[in-house]
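Reviewing the structure listed below.
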Amino acid sequence: TKIFDLWIKGRGTTASLENKQILEKVKLFIDRYAQTSKFIDYDSEAGSVNHSEILGFQKRYGDETEWYLTPEVFKNILCKDVGTDVKKVVSVLKKEGSLKTQDDRNTIIAAPKSLGKNGRFYVLTDEILNNRFEEANNR
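Using my numbering, you'd call the opening residue of the sequence shown number 1 and step up by one each time.
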């Protein structure tokens, strides 16, 4: 068991390594872009926003933050960056508690001010930043 314990220590988790890697890559995605012009404030007015140049919207509630990504950005940029399909990323994020859902759907309806209309979004919560990878896989 000493060898097994050393292996677990080196691996960093007893849970699914694939799930851990997905969570780490999503966290890196958020870390890389959250404080850039790629995520604009959810409540900002339309102004000179070119929606084709952004990844989504960022909404703050006190100390908490949510990131709103369109289905196209989620699938074609985030999941491609993570290196796996939408179903797997959604499954892992839901287990982690990092994906906000609505009415048994994986997306929610929201209306960022600069869009001026409702749309469907994948909403990532700041739980993704809490590094609870092993807990997520043991639930």
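Note that CB positions come from ideal geometry on N, CA and C, so glycine has one too. A quick note: this is a predicted structure, and the numbers were derived from the prediction, not measured.
Among residues of its own chain, excluding the 5 on either side of residue i, which ones have a beta-carbon nearer than 7 Å to its beta-carbon?
i   : result
S98 : L124, T125, E127 and I128
K75 : V86
V73 : L55 and G56
Can you give me the Cβ contacts of residue i inside the same chain, cut-off strictly under 8 Å, excluding the 5 residues immediately before and after it?
i   : result
F39 : Y33, I54, L55, G56, F57, Q58 and W67
Q35 : none
K94 : T101 and N106
D85 : C79
Apply the 10 Å Cβ neighbour rule to residue i and answer buried if 16 or more other Cβ atoms are within range, or exposed otherwise.
i    : result
R139 : Low local confidence applies: a pLDDT of 43 at R139 is under 50, so the model's placement there is unreliable, and no value is given.
E96  : buried
T1   : exposed
Y61  : exposed
From which residue to which residue does the alpha helix (DSSP H) around residue i run?
i   : result
D81 : C79 to V82
D31 : L17 to Y33
L93 : V86 to E96
What residue does the beta strand (DSSP E) around residue i start on, and which one ends it?
i    : result
Q58  : G56 to Y61
Y68  : E64 to L69
I108 : I108 to A110
Give the DSSP bridge partners of residue i, in chain order.
i    : result
D41  : Q58
K100 : V123
### Query
Do the region 23-36 and the region 103-114 make contact, defined as three or more Cβ pairs closer than 8 Å?
no
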